Amino acid sequence: MGYKSFDEINEKIKNGKAVVVTAEEIIGIVEEKGAKQAAKEVDVVTTATFGPMCSSGAFINFGHSAPPIRMSKVWLNDVPAYAGIAAVDAYIGATELSESRGMEYGGAHVIEDLIAGKNIRLFAESYGTDCYPRKEISTYINKNNINQAFMFNPRNCYQNYSAATNSSDRILYTYMGTLLPQCGNVTYSTSGQLSPLINDPYCRTIGIGTRVFLGGAQGYVAWEGTQHNPGQKRGENGVPLGPAGTLALIGDIKQMDARFIRAAVFEKYGVTLFVGVGIPIPMLDEDMAIKTAVRDDRIFTNVIDYSVSDGPRPVLRSVSYAELRSGRIELNGKLVPTAPLSSIKKAREIALMLKQKIMSGEFFVSQPVASLPDSNSINKLEIRGNGNEND
Amino acid sequence: MKTIKLTMYFSANDITKPITYHLIKDYNLQVNILHADISLNRVGKLTADITGEERDIEAGLKFVEEQGVKYKLFTKSIIWQEDGCVHCGACTAVCPSGALRMDSDSWSLTFDREKCLVCELCVKACPLRVISVSL
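Quick note, the sequences are listed as chains E and G, same order. Numbering of the first sequence is given in our numbering, commencing with residue 576 and proceeding in unit increments. Numbering of the second sequence is given in our numbering, commencing with residue 93 and proceeding in unit increments.
What follows is the structure in structure tokens.
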């Protein structure tokens, strides 16, 4: 039996009586008062992350022109968008590159510019139909003159992620940043003890329909994220020891704030999007107090060698986030500098902002309408054909 | 008083000469060594800030040249536009001198210009493109 229900917590939020703390603040409270007392006193714990998340993008409906066009190919500021849906709907993916500027500008920049209220050049082609006779259109759009623009990110909020290093003799340019030769550095990318799914490792409170802070707006968990893998090995505290759960998120771009959605370029890798996400965790019972009090020294991940690409990347060692955040770790007998890729500073800002919004009655917790799958396996893409199509 | 930043390149034979000692003692220069990679029988290099009167610096550089030591003055500097920075830390992964580092309390990026070797690795490593190099 829980101490509190979602409704009871929302009632407190409505009356301005909810006690809300961040996932960093809860650690000291549980250590000082114990989980049982902390669960009674605290109503909501806010978690957050601000990291590069490639699997992001936005659906846009441009509105109809006169005469109308069934757009079959669409470019936004020279970045191709997917238009194989209805006449004036398109999906702009974060990692799509500009056809004129290459890796310096991409779908993520289009999304950031849209949020910032800038004008974006829309160019579209069509084969023309009786109902949609126009064959080409060139115009400018912004977030106020289009119908809908909503972010739909197939995979955000990775529950833990492997740290990266490079044992080869050359620099590797990766989505995990620039990896120096001979294990010259280690990069890592989660907000650790502040990270949403690390604070609710079995997704007891986070599921389909959960209201979240997405890029400054109120968004929702739409589905399990792609590559959702709750079957990952876990530590005694339930926290996965490698990449595990993920979330598909949805939210209104028109309500977003460009401070929390930022386009990024990883050298010789491409374009990606820094996405700011905050998720409130309702303190239902003592178990949630124990889970949200997780500390960086109890969260572990593997250091993976990115120089191996023709098979599974070898694990060089297991490491805690406290060690990673200390600035150096031991690897093969030498001290190697570590660097984050996910901004702890911005994650803290989001966790604090979400805390304020809940305390002022602007943001409520929500009971999931359905749970995320608690078992799932990850399939590999095998090379099939010529007799083994069904393997 | 003026400060210049330079890297001196020593051939394998040069390293027995106490160049830094002479710059300090004979030319009244302050030498702040930022980075050094010197060992016996190998080509080495030393990066330093040198502070002193303009004429002393000129005379010191002439002395360095006379010793057969090549040097390169730093004419560029790294510019960090803090406003656009998200403090992710990706640049700290490649910074060899520790000029760019994360503050362990605030998790803000800090930039210590004095330690910067202007290697420019951070310019490409910054995903937000807020680090650039100026002439």
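Backbone N, C-alpha and C define an ideal beta-carbon position, used for all residues, glycine too. Small disclaimer: the values here were computed from a predicted structure and weren't measured.
- For E:Leu689, no Cβ of chain G is located within less than 8 Å of the residue's own Cβ.
- With respect to chain E, the C-beta atom of G:Arg221 has a partner C-beta closer than 8 Å.
- Counting the other CB atoms within 10 Å of its CB gives E:Glu607 a total below 16, which places it among the exposed residues.
- At a cut-off of 8 Å between beta-carbon atoms, G:Trp199 makes contact with chain E.
- Contact annotation, E:Pro948 with E:Thr785: C-beta distance approximately 15 Å; criterion of less than 8 Å not satisfied.
- Looking at the backbone, the Cα of E:Ser580 and that of E:Glu861 are separated by about 13 Å.
- Non-local C-beta neighbours of G:Met93 in its own chain, meaning closer than 8 Å and more than five positions away in sequence, comprise Thr143, Gly144 and Glu145, ordered along the chain.
- Distance from the Cα of E:Glu799 is smallest, within the candidate group E:Ser952, E:Leu916, E:Val869 and E:Gln768, for E:Ser952.
- Residues of the same chain with a CB within less than 6 Å of the CB of G:Ser200, apart from the 5 flanking positions on each side, are His179 in chain order.
- Unbroken alpha helix (DSSP H) runs of no fewer than 4 residues, entirely contained in the segment 666–710 of chain E, are found at 682–690, following chain order.
- Distance from the CA of E:Pro729 to the CA of E:Ile825, rounded to the nearest whole angstrom, comes to 9 Å.
- Nearest neighbour of E:Ile783 by Cα position, chosen from E:Val796, E:Leu899 and E:Pro776, turns out to be E:Val796.
- With respect to the C-alpha of G:Ile223, the residue from G:Leu98, G:Asp195 and G:Ala191 having the closest C-alpha is G:Ala191.
- When Cβ-Cβ separations below 8 Å define contact, E:Arg870 makes no contact with chain G.
- Within the segment 874–901 of chain E, the runs of beta strand (DSSP E) at least 3 residues long that lie entirely inside it are, in chain order, 875–880 and 890–895.
- Taking a Cβ-Cβ threshold of 8 Å, none of the residues of chain G is close to E:Asn728; the smallest such distance is about 18 Å.
- Short of 6 Å from the beta carbon of E:Ser918, and not among the five residues preceding or following it, lie these beta carbons of its own chain, in chain order: Phe625.
- Residue contact with chain E for G:Met194: present (Cβ-Cβ distance below 8 Å to some residue of chain E).
- Judged by DSSP in its simplified three-state form, E:Gln734 adopts coil rather than helix or strand.
- Checking the DSSP bridge columns, you'll see G:Thr108 has no partner listed.
- Around the CB of E:Val883, fewer than 16 other CB atoms lie within 10 Å, so the residue is classed as exposed.
- Listed along chain E, no residue sits closer than 9 Å to G:Ala191 by beta-carbon distance, the nearest being about 13 Å off.
- Counting other Cβ atoms within 10 Å of its Cβ, E:Cys706 stays below 16 and is therefore classed as exposed.
- Annotation for G:Ile96: the continuous beta strand (DSSP E) segment containing it runs Lys94 to Phe102.
- Taking 8 Å as the CB threshold, G:Lys162 stays off the interface with chain E.
- Around the beta carbon of E:Glu674, a 10 Å sphere encloses fewer than 16 other beta carbons of the protein chains shown; the residue is thus reported as exposed.
- No Cβ-Cβ contact shorter than 8 Å links E:Tyr666 with E:Phe637.
- At least 8 Å separates the CB of E:Ser630 from every CB of chain G.
- When the alpha-carbon of E:Arg873 is set against those of E:Glu898, E:Val890 and E:Pro857, the nearest one is in E:Glu898.
- Pairing E:Ser764 with E:Leu891 gives a Cβ-Cβ distance that is not under 8 Å.
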